[in-house]
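**Q** Quick one: the structure is below, questions incoming.
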Amino acid sequence: MRLIAKNRNAYFNYEILESINAGVVLKGSEVKSIAKNGIDLSESYVTIRNGEAFLLNTHIAHYQSGFFDHEPRQTRQLLLNKQEILKFEHEAKVKKLQIIPIKAFFVNSLIKIEIALARPKKIHDKRETIKKRDLDRLNRN
């Protein structure tokens, strides 16, 4: 497993409850661009429509050496089992959670995205996270 990109904002803005790995439907130029770290997950999220999961607002940079190009922020389908989709959809609706991508990585030359059920943090929770991080930094030094 080779890590390509990580959504650092997700860990600060959300409380991660449960995660799962999903495949992504991509074009050739998108795969080559992602291999050169040309993906940004910071503003992206997952939605479920008609029993299918889609990755929205993910920026994949243009591949400069390619002849055919792709849309940088187009909707991309995620490959999940039906049971996994139904479980995530049910929990997101009932508990009012959001589904967000956490990281992108290679597994045997296939690109996978780890998605998670997440609860948005409130302002005081974010402040606690900042305080805890600062204390850890001080203790290390």
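Quick note on this note's numbering: the sequence shown kicks off at 63 and runs consecutively. Where a beta carbon is used, it is the ideal one built from N, C-alpha and C, also for glycine. Keep in mind the model is a prediction, meaning the values are calculated, not measured.
Is Tyr73 helix, strand or coil when you go by DSSP?
**A** helix
**Q** Give me the Cβ distance between Ala166 and Leu140, rounded to the nearest whole Å; I'm assuming they're in contact under 8 Å.
**A** The pair is not a contact, with the Cβ atoms about 12 Å apart (cut-off 8 Å).
**Q** Under the three-state reduction of DSSP, which class applies to Phe116: helix, strand or coil?
**A** DSSP, reduced to helix, strand and coil, places Phe116 within a strand of the structure shown.
**Q** Could you tell me the alpha carbon to alpha carbon distance between Gly90 and Leu200, rounded to whole angstroms?
**A** 46 Å
**Q** Would you list the residues sitting across from Phe130 in a DSSP beta bridge?
**A** Paired residue(s): none; Phe130 is not in a bridge.
**Q** Let me know the secondary structure DSSP gives Gly90 once reduced to three states.
**A** In the three-state scheme derived from DSSP, where H, G and I count as helix and E and B as strand, Gly90 is classed as helix.
**Q** For His124, collect the residues of the same chain with a Cβ closer than 6 Å to its Cβ; drop the 5 residues on either side in sequence, then sort them by chain order.
**A** Asp131
**Q** Nearest CA to the CA of Ile78: which residue from Glu176, Lys155, Asp187 and Arg181?
**A** Arg181
**Q** So the alpha helix (DSSP H) Glu146 belongs to, where does it begin and stop?
**A** Counting along the chain, the alpha helix (DSSP H) containing Glu146 begins and ends at Lys144 to Val156.
**Q** What is the residue span of the beta strand (DSSP E) that Arg111 lies within?
**A** Note, Arg111: beta strand (DSSP E), Tyr107 to Arg111.
**Q** Taking the continuous beta strand (DSSP E) assigned at Arg64, which residues delimit it?
**A** Arg64 to Lys68
**Q** Please classify Ile192 as buried or exposed, where buried requires at least 16 other C-beta atoms within 10 Å of its C-beta.
**A** Ile192 comes out exposed.
**Q** Checking the sheet assignment: what are the DSSP bridge partners for Ser81?
**A** Ala178
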